[in-house]
Each structure stands twice: as structure tokens, then as C-alpha cells.
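In our numbering, the protein residues as written are -4 to 300. By construction, the Cβ of each residue, glycine as well, lies at the ideal position given by its N, Cα and C atoms. Down below is the structure, laid out as C-alpha cells.
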Ligand SMILES: NC(=O)c1ccc[n+]([C@@H]2O[C@H](COP(=O)([O-])OP(=O)(O)OC[C@H]3O[C@@H](n4cnc5c(N)ncnc54)[C@H](O)[C@@H]3O)[C@@H](O)[C@H]2O)c1
């Protein structure tokens, strides 16, 4: 049954977008799905039976403020989930384009929301925005852009009263995660599911989160209300990549997966999830073994289709 909510999503055909759409439609929420890409492959993998009456697809580049504002005006959403961004490697390779999309696009979303009177923006920051290493600062341009986005959200609340919730997912894994440096975790699970060998190109301790849990958080927040520019971590559960490999072996006993010795530094303490819990309550996280087992099963089901 339709819920009366209509959520405008940017970056909708990407990994998280596909997971979030599939959770929103299960709740009867209408979705205005926007992206520069018209490749719906990930969503088709996750939700082959997508209810066509709940989702409309639109090509929309977040760097084009005019088109974005016109589409928001036309579709009159009750909330926005802003995901469109370039990832770490693309921001490193094409920094000006990265800034145009990850910062310029973010400003365009807040401007469009301000003009249309939308009082619910959920956007993705990242663990990369958090200070780390000897400089006690983000360690790459992507992190600097995400940190800037958090400050932009704060100023839009201060100057214009636009409420927002910035969420900082960490290493999210699940079917459809095929881009970005930390997609190696998902590639390892997929390789194990399909009987192939894979080496995760780093060793680290970090938060490894199942995409279904993260999508659940966005879907719940999309129909909630709050005031202020809130910012929240989305988990405080830390694992090592060795524990990831053990969980993969628990699901696939003959898995040929390993980790390279190169150490990847990642913040692994000081997480604050209170702001998110204030908005949606506590979301039960799937233990690593369960999320990995489900991902293995889904990859095998897709391979068999
Ligand atoms: N996946 C993770 O582990 C993770 C962790 C932390 C933060 N995030 C953030 O979450 C968001 C979604 O991540 P994802 O893993 O789904 O990434 P993704 O790369 O799969 O999806 C991003 C989408 O943005 C779209 N896009 C790129 N440029 C655009 C533009 N100019 N206009 C409109 N759309 C554009 C792409 O076509 C793509 O579909 C991103 O902001 C990312 O930085 C992801």
C-alpha cells in the first residue's frame, strides 16, 4: 500500500541507491530515482520484481542546478536522499570533476531543497571525512569533499533552517558493490561464492557493514522528522579483515580468499551513533557471518538465474 511519502534519490542507480530503493518500495514509499547513469543493472539484480507504479526514473546530473530544481519542483518530494558522488579513486584522478559533483552537487541539492521548502535531506558523508593519521585530518580529496559537505549542511541549517541528516557509512558490502577502493570486501565474498580466488589488497580494522542494514537506516530516516543539521556515524562495530576472511570461510569452507599485508589506516574508535538513533531508534545490525552468508547466497542465486 502506498505510504504517502515520495522520496527523491540522487545517485539512485548506484550500489546504495539500489539497496535503498528496494527497501523503500517494500514499505510502499514512492521513489523519484535520479542519476546520470541509466544502467539499472544493480537494482535489477536486487529487486527483479520492482513495482513499476512506485518508482519513476529520471536522468539528472546534480551539477546542473536548473534541471535539478525543475525536477524537484515537478515531482514535489517529501524528502531527499542524496547519494550521488564520485568515489576515492575518481576524486584522486579527476579532482575538479570530483569537487564539482561532490561539493557543487551537494550545494545544488541544499539550494533546491531550500527553494522547494523540503525539510528532510539525508545525505551520505563518509568515514573518510573523519580525522586520521599524523595530520589528524581526512587523508584524501574524497574525505576533504565529504567533510566540506558536512559543514555546508551545518551552514544551511544555521542560515536557512534546512534540516539534514548526514550519515557516515564505512565499508559497506553486499551485492552490487563493484566500485571504490573498499569494494574489495564484496569482491572477495563474490569470488568465494563463485569458486574463484581473491586477495583483498589490504589489511585493516574497520566497520564492515551489510548493505541491507545501511539501506534500512536510510529507509527509516526518509520517513522520519527531526530538526537541526544532524551528523551521525552508523555503527560502532569494528572487525579486522582477518575476521572478514574467517566469516567468508564459515560461509564457504573451501574459499580461496586472503588479505595482502599492506596496512590501510582506518579510524576504529570514537564512533557516535546517537544522532541517528534519536531519529530512527536502534537498528539491529546483522552479524558479519550472517551478512556474508546472505551475500554468498544472493550471488549464487544471481549466478543461477
Ligand atoms: N559504498 C560505501 O561503502 C560507502 C561508504 C561511505 C560513503 N558512501 C557514499 O554513499 C554514496 C553512495 O555510494 P555508492 O557505494 O552507492 O556509490 P556508487 O558509485 O555505486 O553510486 C554513486 C552514483 O552516483 C551517480 N553519479 C555520479 N555522478 C553523478 C552526477 N553528476 N549526477 C547524478 N548522479 C551521479 C553514479 O552514476 C552512481 O550511480 C556516495 O556518496 C558515497 O560517497 C559509500
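Q: Return the first residue and the last residue of the alpha helix (DSSP H) that residue 109 is part of.
A: It spans 100 to 111 - the alpha helix (DSSP H) in which residue 109 sits, taken as one unbroken run.
Q: Buried or exposed for residue 124, please, with buried defined as at least 16 other CB atoms from any protein chain shown within 10 angstroms of its CB.
A: Residue 124 should be labelled buried.
Q) From 67, 65, 18, 60, pick the residue whose C-alpha is nearest to that of residue 45; which is it? A) Ranking 67, 65, 18, 60 by Cα distance to residue 45 puts 18 first.
(Q) Measuring straight from C-alpha to C-alpha, what distance separates residue 264 and residue 235? (A) When the Cα atoms are used, residue 264 and residue 235 turn out to be separated by approximately 13 Å.
Q. What residues are listed by DSSP as bridge partners for residue 163?
A. DSSP lists 228 as partners of residue 163.
Q) Cβ atoms of residue 279 and residue 198: under 8 Å apart, would you say? A) No, the pair does not count as a contact, with Cβ atoms beyond the cut-off.
(Q) Alpha carbons only, please: which of 98, 127, 190, 132 is nearest the one belonging to residue 141? (A) Measuring C-alpha to C-alpha distances from residue 141 to each of 98, 127, 190, 132 identifies 98 as the nearest.
Q. Can you tell me the Cα-Cα spacing of residue 178 and residue 137, whole angstroms?
A. Those two C-alpha atoms are separated by around 16 Å.
Q: Consider the C-beta atom of residue 207 and the heavy atoms of ligand 3; say whether any pair is separated by less than 7 Å.
A: Among the ligands modelled here, namely ligand 1, ligand 3 does not occur.
Q: Would you check if the distance between the CB atom of residue 103 and the CB atom of residue 57 is smaller than 8 Å?
A: Their beta carbons are under 8 Å apart, which means residue 103 touches residue 57 by this criterion.
Q: Count the CB pairs spanning the region 9 to 27 and the region 88 to 96 that are closer than 8 Å, and state whether there are at least three.
A: Touching, no, given that fewer than three Cβ pairs across the two stretches are closer than 8 Å.
Q. Under a Cβ-count criterion, where at least 16 other Cβ atoms within 10 Å of its own Cβ denotes burial, should residue 77 be classed as buried or exposed?
A. The Cβ neighbour count for residue 77, taken over all protein chains shown within 10 Å, is at least 16; the residue is labelled buried.
Q | DSSP-derived helix/strand/coil call for residue 139 | A | Helix.
**Q.** Proximal residues to residue 258 (C-beta, below 6 Å), its chain only, five neighbours per side dropped
**A.** The residues are 198.
Q) Should residue 162 and residue 201 be called a contact, given that it needs their Cβ atoms to be closer than 8 Å? A) With contacts defined as CB atoms closer than 8 Å, residue 162 and residue 201 fail to qualify as a contacting pair.
Q: Quick one: give me the first and last residue of the beta strand (DSSP E) that residue 312 is part of.
A: Here the chain comprises residues numbered -4 to 300, so residue 312 is not present and cannot be evaluated.
Q: Would you mind sorting residue 115 into buried or exposed? The rule is 16 or more other CB atoms within 10 Å of its CB.
A: Residue burial is scored here from C-beta neighbours: residue 115 has at least 16 other C-beta atoms within 10 angstroms and is therefore classed as buried.
**Q.** Contact set for residue 143: own chain, Cβ-Cβ below 7 Å, skip 5 residues either direction
**A.** Result list for residue 143: 98, in chain order.
(Q) At a threshold of 7 Å, does residue 172 count as lining ligand 1 (C-beta to nearest heavy atom)? (A) Relative to ligand 1, the beta carbon of residue 172 is positioned inside 7 Å of a heavy atom.
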